[in-house]
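Asks: Under the working numbering, the first residue of the sequence shown is numbered 546, with each subsequent residue one higher.
For each residue, glycine too, the CB sits at the ideal point set by N, CA and C.
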Amino acid sequence: MKKQLAGFIIALIIFVFVFPVYAEAPIKVVETNVNKVLDVLRDPKFKAALAKETKTQKLRVIYKGMFNEMEFSRRTLGRNWNQFTPAQRKEFVDLFEQVLEKTYLDKILSYTNEKIEFYKEIMHSDKQAEVQTKVVTSSQEIPIFYRMILADGNWRVYDVVVENVSLVQNYRTQFNDILAKNNPEHLLEILRKRVKEQ
Numbered sequence: 546m547k548k549q550l551a552g553f554i555i556a557l558i559i560f561v562f563v564f565p566v567y568a569e570a571p572i573k574v575v576e577t578n579v580n581k582v583l584d585v586l587r588d589p590k591f592k593a594a595l596a597k598e599t600k601t602q603k604l605r606v607i608y609k610g611m612f613n614e615m616e617f618s619r620r621t622l623g624r625n626w627n628q629f630t631p632a633q634r635k636e637f638v639d640l641f642e643q644v645l646e647k648t649y650l651d652k653i654l655s656y657t658n659e660k661i662e663f664y665k666e667i668m669h670s671d672k673q674a675e676v677q678t679k680v681v682t683s684s685q686e687i688p689i690f691y692r693m694i695l696a697d698g699n700w701r702v703y704d705v706v707v708e709n710v711s712l713v714q715n716y717r718t719q720f721n722d723i724l725a726k727n728n729p730e731h732l733l734e735i736l737r738k739r740v741k742e743q
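(1) Kindly indicate the opening and closing residues of the alpha helix (DSSP H) around Glu598.
(2) Between Lys647 and chain B, is there a C-beta pair that is closer than 7 Å?
(3) Between which two residues does the beta strand (DSSP E) containing Asn699 stretch?
(4) Helix, strand or coil: how does DSSP classify Gln512 here?
(5) Do you know offhand how far Glu642's Cα is from Ser684's?
(6) Going by beta carbon distance, what residues of the same chain come within less than 7 Å of Leu732, once the five residues before and after it are set aside?
(7) Tell me, to the nearest whole angstrom, how far the beta carbon of Glu662 is from that of Ile572; I am working on the premise that it is less than 8 Å.
(8) Whose C-beta lies closer than 6 Å to the C-beta of Glu576 among residues of the same chain, with five residues either side of it excluded?
(9) My output table needs one value for Arg737: the three-state DSSP class, helix, strand or coil.
(10) Could you name the residues that DSSP lists as bridge partners for Ala696?
(11) Residues bridged to Lys665 by DSSP?
(12) Mind checking whether Gln677 and Ile694 have CB atoms under 7 Å apart?
(13) With 16 as the cutoff for other CB atoms within 10 Å, does Glu742 come out buried or exposed?
(14) Can you tell me the Cα-Cα spacing of Arg737 and Val644, whole angstroms?
(15) State yes or no: is the C-beta of Val740 within less than 7 Å of the C-beta of Leu604?
(16) Starting from Lys660, follow its DSSP beta bridges and name the residues at the other end.
(17) Assuming contact is defined by CB atoms lying nearer than 7 Å, are Tyr703 and Asn613 in contact in what I supplied?
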C-alpha cells in the first residue's frame, strides 16, 4: 500500500502543470493546475475501463505543458550536458520526456482521493521559487516541494523533491554512473530501447 501510494505521489508531481500565458504567483500556478489534474482523475465519465485511453490523453496534454523540459534535462545531466552535441541534447530531451511519461502515467491513474495542501511559497530570486505542498492521507503526510523557474512569462518546474528526495538528483546519479564509463551515444541507446519497449 505504501509503495503504491508513493508511486501515485511521484506520478502526480509529473502531471500537474498547464501554464497560463502570464506569470501568476508560483503557488497559485501549482494549486490551479494540481486541481485540473484532480478534476480529470475524479471525473465520473472516465471511471469505466474503456475510458482509460481518453483519460490518459487528457493527462498527456497536461504533462506536455508541465516542465521546462530543457532545464529539467540539463540539470539532470549536470556537467555531462556539455558532452552532448546539440542534436544529442535534443534527442535526449525527447527520449527522457517519453520515459518519464510512460513510467508515471499508469501510476497517476491509481489516485484514490488523497488531499493536497498548498502551504508555502519561497522566492529564491525573481526567476526561481519553491512551492511547498503535502499529500495528506488518513495515516500520513508526505511533503512535496516544487522547484520552479520563470521563463517566457511562465513558471515551470525544473525539479521536484518528495520526502527530501530530488527527482533531478536521483536521475543525475543514474546517468552519471552510465556516463562515467560510456559516451553520450550509449545513454541515448539505453533510452531508445526503453522507449521502444514501452
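Replies: The structure says:
(1) Position 53 of the sequence shown, counted from the first residue, corresponds to residue 598. If you look at Glu598, you'll find it in the alpha helix (DSSP H) that goes 597–609.
(2) Absent from the structure: chain B. Only one protein chain is present.
(3) As a first step, residue 699 must be located in the sequence shown, where it is residue number 154. Here the beta strand (DSSP E) through Asn699 covers 699–707.
(4) It is not possible to answer for residue 512, since the shown part of the chain is limited to 546 through 743.
(5) Numbered from its first residue, the sequence shown carries residue 642 at position 97. Numbered from its first residue, the sequence shown carries residue 684 at position 139. In a straight line, the C-alpha of Glu642 is about 33 Å away from that of Ser684.
(6) Numbered from 1 along the sequence shown, position 187 holds the residue referred to as residue 732. These residues qualify, in order along the chain: Phe720, Ile723, Leu724.
(7) Your numbering for residue 662 matches position 117 in the sequence shown. Your numbering for residue 572 matches position 27 in the sequence shown. About 11 Å separates the beta carbons of Glu662 and Ile572, which is beyond the 8 Å limit, so they are not a contact pair.
(8) Counted from its first residue, the sequence shown places residue 576 at position 31. Here Glu576 has Phe663 as same chain residues with Cβ atoms under 6 Å from its own Cβ, once five neighbours each way along the sequence are excluded.
(9) Stepping through the sequence shown from its first residue, residue 737 is reached at position 192. DSSP places Arg737 in helix when its eight states are reduced to three.
(10) Numbered from its first residue, the sequence shown carries residue 696 at position 151. Beta-bridge partners of Ala696 (DSSP): Asn699.
(11) Taking the first residue of the sequence shown as 1, we reach residue 665 at position 120. According to DSSP, which records beta bridges pairwise, Lys665 is partnered with Gln677.
(12) On the sequence shown, residue 677 is found 132 positions in, with the first residue counted as 1. On the sequence shown, residue 694 is found 149 positions in, with the first residue counted as 1. Cβ atoms of Gln677 and Ile694: not closer than 7 Å.
(13) In the sequence shown, counting from the first residue as 1, residue 742 sits at position 197. Glu742 should be labelled exposed.
(14) To locate residue 737, count along the sequence shown from 1; it is residue 192. To locate residue 644, count along the sequence shown from 1; it is residue 99. As the crow flies, the alpha-carbon of Arg737 is around 9 Å from that of Val644.
(15) The count along the sequence shown starts at 1 and reaches residue 740 at position 195. The count along the sequence shown starts at 1 and reaches residue 604 at position 59. Between Val740 and Leu604, the gap from beta carbon to beta carbon reaches 7 Å or more.
(16) If you number the sequence shown from 1, residue 660 lands on position 115. DSSP output for Lys660 lists Val681 as bridge partner(s).
(17) By one-based count along the sequence shown, residue 703 stands at place 158. By one-based count along the sequence shown, residue 613 stands at place 68. A Cβ-Cβ contact shorter than 7 Å links Tyr703 with Asn613.
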